[in-house]
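Colleague:
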Amino acid sequence: MADFDLASSFIPALHKPASLLPIARHREALLYLIETYPVTIVVGQTGSGKTTQIPQYLEQAGWCADGKVIAVTQPRRVAATTVAMRVADEVGCKVGAEVGYSIRFEDVTSAATRIKFLTDGLLLREALVDPLLSRYSIIMVDEAHERSLSTDVLLGVLKKIRRKRPELRIIISSATLQAEDLLKFFMADADAQAKPAASDALTLDELIAQKGGRTGRMYPVDVLYLESPAEDYVEKAIETVFDIHTKEPDGDILVFLTGREEIDSAVQAISERAANLHPRAQQLMPLPLYAGLSTDQQMYVFEEAPENTRKVIFATNIAEASVTIDGIIYVVDTGYVKLRAYNPTTGIETLTATPVSKASAVQRAGRAGRTKPGKCYRLYTESSFQSLEEATVPEIQRSNLAPVILQLKALGIDNIVRFDFITSPPAELVIRALELLYSLGALDDYAKLTKPLGVRMAELAVEPMMAKTLLSAPSFGCLSEILTIAAMTSVGGNIWFQHEGEKKRMETARRKFAVEEGDHLTLLNVYQAFVTKGRKEAKFCHDHYVNFKAMTRAVSIRAQLKRYLERFGLNVEETLSSNANKQPLSVGGPDKAEQIRRCLTTGFFAHAAKMQPDGTFRNVAGGTVLHAHPSSLMFNRKAEWVIFHEVMETGEKIFIRDITKIQKGWLVEYAPEFYKIQR
DNA sequence: GAGCACTGC
Numbered sequence: 005m006a007d008f009d010l011a012s013s014f015i016p017a018l019h020k021p022a023s024l025l026p027i028a029r030h031r032e033a034l035l036y037l038i039e040t041y042p043v044t045i046v047v048g049q050t051g052s053g054k055t056t057q058i059p060q061y062l063e064q065a066g067w068c069a070d071g072k073v074i075a076v077t078q079p080r081r082v083a084a085t086t087v088a089m090r091v092a093d094e095v096g097c098k099v100g101a102e103v104g105y106s107i108r109f110e111d112v113t114s115a116a117t118r119i120k121f122l123t124d125g126l127l128l129r130e131a132l133v134d135p136l137l138s139r140y141s142i143i144m145v146d147e148a149h150e151r152s153l154s155t156d157v158l159l160g161v162l163k164k165i166r167r168k169r170p171e172l173r174i175i176i177s178s179a180t181l182q183a184e185d186l187l188k189f190f191m192a193d194a195d196a197q198a199k200p201a202a203s204d205a206l207t208l209d210e211l212i213a214q215k216g217g218r219t220g221r222m223y224p225v226d227v228l229y230l231e232s233p234a235e236d237y238v239e240k241a242i243e244t245v246f247d248i249h250t251k252e253p254d255g256d257i258l259v260f261l262t263g264r265e266e267i268d269s270a271v272q273a274i275s276e277r278a279a280n281l282h283p284r285a286q287q288l289m290p291l292p293l294y295a296g297l298s299t300d301q302q303m304y305v306f307e308e309a310p311e312n313t314r315k316v317i318f319a320t321n322i323a324e325a326s327v328t329i330d331g332i333i334y335v336v337d338t339g340y341v342k343l344r345a346y347n348p349t350t351g352i353e354t355l356t357a358t359p360v361s362k363a364s365a366v367q368r369a370g371r372a373g374r375t376k377p378g379k380c381y382r383l384y385t386e387s388s389f390q391s392l393e394e395a396t397v398p399e400i401q402r403s404n405l406a407p408v409i410l411q412l413k414a415l416g417i418d419n420i421v422r423f424d425f426i427t428s429p430p431a432e433l434v435i436r437a438l439e440l441l442y443s444l445g446a447l448d449d450y451a452k453l454t455k456p457l458g459v460r461m462a463e464l465a466v467e468p469m470m471a472k473t474l475l476s477a478p479s480f481g482c483l484s485e486i487l488t489i490a491a492m493t494s495v496g497g498n499i500w501f502q503h504e505g506e507k508k509r510m511e512t513a514r515r516k517f518a519v520e521e522g523d524h525l526t527l528l529n530v531y532q533a534f535v536t537k538g539r540k541e542a543k544f545c546h547d548h549y550v551n552f553k554a555m556t557r558a559v560s561i562r563a564q565l566k567r568y569l570e571r572f573g574l575n576v577e578e579t580l581s582s583n584a585n586k587q588p589l590s591v592g593g594p595d596k597a598e599q600i601r602r603c604l605t606t607g608f609f610a611h612a613a614k615m616q617p618d619g620t621f622r623n624v625a626g627g628t629v630l631h632a633h634p635s636s637l638m639f640n641r642k643a644e645w646v647i648f649h650e651v652m653e654t655g656e657k658i659f660i661r662d663i664t665k666i667q668k669g670w671l672v673e674y675a676p677e678f679y680k681i682q683r
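The first sequence begins at 5 in the numbering used here and counts up by one.
Set out below in structure tokens:
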């Protein structure tokens, strides 16, 4: 993955003799705690060495006897791979030998592996096969304070496993602000009632405080507030950047904004206004940083600025935890972040700019103190800061829970309401998810996983609606095509490349793949052209304005999904070769196209809409106005009934993406109960 | 004729 290159830029920050790391002084105490207590909570900042050192101490202390393995989970792929490389380097082995990592599509471990870094999502998958995670003597959950969906599910599952495996040791690592919740969660264990609750888990920070130690490796950061609120935080941020530039000593600036639009306009404003700086004065170099940029574009932020130039990086939340840039002395925090939330009543996701939490603001400020003492300019008042939420609402309380519940059911956890979540999801989210899973046929009348449909849906690494579509495909004779469509819709990120100022040509290129029936068949067309005419090469992508990274990922996902299906005993008859010599417009003839559209309806019937004379759509209930996203072929085409992959509300409008024409009658044909209930 | 923060299997 390209993200990988990005990560290599911040490895040097971790390179510090292991003996100098703050954690080294606590080695014996740590080993004692872990030996004595089933759960240990470690509080420490990035750079304390907890992630790299603790697994090595444990391995040396004999926790890998009898071939057992130490697992260390990370919320992100990049972290799992880079930390594994760092530790392998320290141990003096090759990655994949005693120290390895495992992430989706990449298993770099062997029979010799004793310390294994992996994403928390992947460890949950392992639990499907080995419910007690019995090959691990120790499981360390890193960055638990981030409270990602899979971290939360994993913590609940681990608490359950603990009761059946008293010898298992669990280590949770977290930032200070959230450590207490984690402590309470593991202390309030019914199983521990015989022991004094307080001894069931201990935090390291108390211990370190007693010894006068400091877990983090941070320099002090001066925090400054506005005296009165800013009207336009983007404009205020730009002004603040110029203030810093003209009044403060050398050092790069990091500005937190919410999205691409704001960032692009801020970068442009800085370029324009910087022209007024004295030609011999220090110059300003504005740089954007957000996930939608290509790897090459992202790499600029790590390069040293030219002489007599100060870098100012305008970034989304990607710079809060995922990407670390050295040399930042000044942070400008606008106090907002775009957060996703799921409305269980409408089933629509929203993406809106929201005030950050205190924990986020603290984390952002900390980005200024990695190299030397820094300053953080909060573009809000101190009293606004005081009224912020302590922590960001965990994902589990604001997500579509259908995938989570399907996964829990597959892990044998039937009573979702009584499952011990570290933070319980709202009942409405759980009910909505159960209803969807029931309507898809994954759950029966008793909310039990159906066999084989529900069980198989849980195993497929795609969301439930697409999983259902995939498993319906054999009966429509279009499994090969649906496999491709499932892979293409789950790549995440744009299939089409965004060239600066070449929109027209991109549109023309895109139209060459367009299929009358809609976006899904168009995606199928692009994929087929890529693997046949394009021979999976970058040149084809460049010529056709297609994103090579996304296409490569689609190839991997497709292969993985195909392996799952074959494991179920479903035969995937590849139809690709028969199309190889045809023009891209062919997707196997009109009959095949109809079978594909029917098949999609079996999974996406809940995502149906009807076009209005004005070109907008209404949902089936009729109350919600939906707009075709401009990236869809249906943006300016006529249709009657359609199904869509995704719906999201941004700003004033609700957009639907990946849209395909269907016939109204198919809805009732494939989801009779669902449409009975609706009326 | 307008635009999706971030992450994961």
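Just so you know, even glycine gets a beta-carbon here, dropped at the ideal spot from N, CA and C. Note that the structure is a prediction, hence the values are computed from the model and not measured.
Among ILE274, THR493, LEU228 and LYS540, whose alpha-carbon lies nearest the alpha-carbon of CYS380?
Modeller: Comparing C-alpha distances from CYS380 to each of ILE274, THR493, LEU228 and LYS540 shows the shortest one belongs to LEU228.
Colleague: In this structure, does DSSP put ASP226 in helix, strand or coil?
Modeller: strand
Colleague: Is it buried or exposed, GLU231, if we count other Cβ atoms within 10 angstroms and call 16 or more buried?
Modeller: exposed
Colleague: Skipping 5 residues on each side, what residues in its chain have a beta carbon closer than 7 Å to that of SER114?
Modeller: GLY100, ALA101 and GLY104
Colleague: Do you know offhand how far HIS4's Cα is from GLU276's?
Modeller: Because the chain here runs from 5 to 683, residue 4 falls outside it and cannot be looked at.
Colleague: I'd like the span of the beta strand (DSSP E) that includes HIS631, first residue to last.
Modeller: 629-632
Colleague: Jot down the residue ranges of each uninterrupted beta strand (DSSP E) in the region 71-111, minimum 3 residues, whole runs only, in chain order.
Modeller: 73-78 and 103-107
Colleague: Within a Cβ cutoff of 7 Å, which residues of the same chain sit near ILE663, ignoring the five residues on either side of it in sequence?
Modeller: GLY522, ASP523, ALA632, SER636, MET638, VAL646 and PHE648
Colleague: Within the continuous alpha helix (DSSP H) that includes VAL624, where are the two ends?
Modeller: Careful: VAL624 lies outside any alpha helix (DSSP H) and carries neither H nor E.
Colleague: Determine the closest residue to GLN367 out of THR358, ILE322 and VAL576, with distance taken between C-alpha atoms.
Modeller: ILE322
Colleague: What would DSSP say about ASP618, mapped onto helix, strand or coil?
Modeller: Annotated three-state conformation of ASP618 is coil, per DSSP.
Colleague: What are the start and end residues of each continuous alpha helix (DSSP H) run of 4 or more residues lying completely inside the region 338-393, in chain order?
Modeller: With a minimum length of 4 residues, the continuous alpha helix (DSSP H) runs that stay inside the region 338-393 are 362-370 and 386-390.
Colleague: Could you tell me whether the Cβ atoms of PHE552 and ALA542 are closer together than 7 Å?
Modeller: yes
Colleague: Are there 16 or more other CB atoms within 10 angstroms of the CB of ARG284, so buried, or fewer, so exposed?
Modeller: exposed
Colleague: Kindly give me the distance between the Cβ atoms of PRO348 and ILE174, rounded to whole angstroms, as I take these residues to be in contact under 8 Å.
Modeller: Between ILE174 and PRO348 the Cβ distance is about 32 Å, and since that is not below 8 Å, they are no contact.
Colleague: To the nearest angstrom, report how far apart GLY497 and SER298 are at their CA atoms.
Modeller: 11 Å
Colleague: Can you name, in chain order, every residue of its own chain whose Cβ lies under 7 Å from the Cβ of ALA667, other than the five neighbours on each side?
Modeller: Checking the sequence shown, residue 667 turns out to be Gln, not Ala. Excluding sequence neighbours, GLN667 sits near TRP645.
Colleague: Would you mind reading off the limits of the beta strand (DSSP E) that contains PRO407?
Modeller: Careful: PRO407 lies outside any beta strand (DSSP E), inside the alpha helix (DSSP H) at 406-414.
Colleague: Looking at the structure shown, is PHE423 part of a helix, part of a strand, or coil, going by DSSP?
Modeller: coil
Colleague: Give the single residue among SER361, GLY96 and GLU265 whose Cα lies nearest to the Cα of PHE318.
Modeller: GLU265
Colleague: Which of the three DSSP states, helix, strand or coil, is assigned to GLU644?
Modeller: coil
Colleague: Report all residues from its chain with a CB closer than 8 Å to the CB of ILE267; omit the five preceding and five following residues, and keep chain order.
Modeller: LEU261, PRO292, LEU293, TYR294, PHE318, ALA319 and THR320
Colleague: Taking Cβ to Cβ, would you say ASP124 is nearer than 7 Å to THR77?
Modeller: yes
Colleague: Please classify ASP146: is it buried, with 16 or more other beta-carbons within 10 angstroms of its beta-carbon, or exposed?
Modeller: buried
Colleague: For LYS452, does the three-state DSSP call read helix, strand or coil?
Modeller: coil
Colleague: Spell out a yes or no on whether the region 410-419 and the region 381-391 are touching, meaning 3 or more CB-CB pairs, one atom from each, closer than 8 Å.
Modeller: no
Colleague: With H, G and I counted as helix, E and B as strand and the rest as coil, what does DSSP make of PRO290?
Modeller: strand
Colleague: Can you give me the C-alpha to C-alpha distance between ALA372 and LYS315, rounded to a whole angstrom?
Modeller: 14 Å
Colleague: For the candidate residues GLY339, GLU353, ILE489 and THR354, whose alpha-carbon lies nearest to that of ALA365?
Modeller: GLY339
Colleague: From GLN64 to SER138, what does the alpha carbon distance come to, in whole angstroms?
Modeller: Rounded to the nearest whole angstrom, the C-alpha separation of GLN64 and SER138 is 20 Å.
Colleague: Taking just the CA atoms, how far does LEU258 sit from MET289?
Modeller: 12 Å
Colleague: List the whole-angstrom C-beta distance separating ALA363 from GLU394, where the pair is believed to meet the contact cut-off of C-beta under 8 Å.
Modeller: Confirmed, about 7 Å.
Colleague: Looking at C-beta atoms only, is the number of pairs between the region 456-468 and the region 436-446 that lie closer than 8 Å three or more?
Modeller: yes
Colleague: Give the straight-line distance between the Cα atoms of ARG622 and TYR346, rounded to the nearest whole angstrom.
Modeller: 19 Å
Colleague: Do PHE121 and VAL87 have their beta-carbon atoms positioned less than 7 Å apart in this structure?
Modeller: yes
Colleague: In terms of residues, what are the limits of the beta strand (DSSP E) holding SER141?
Modeller: Segment 140-145, the beta strand (DSSP E) holding SER141.
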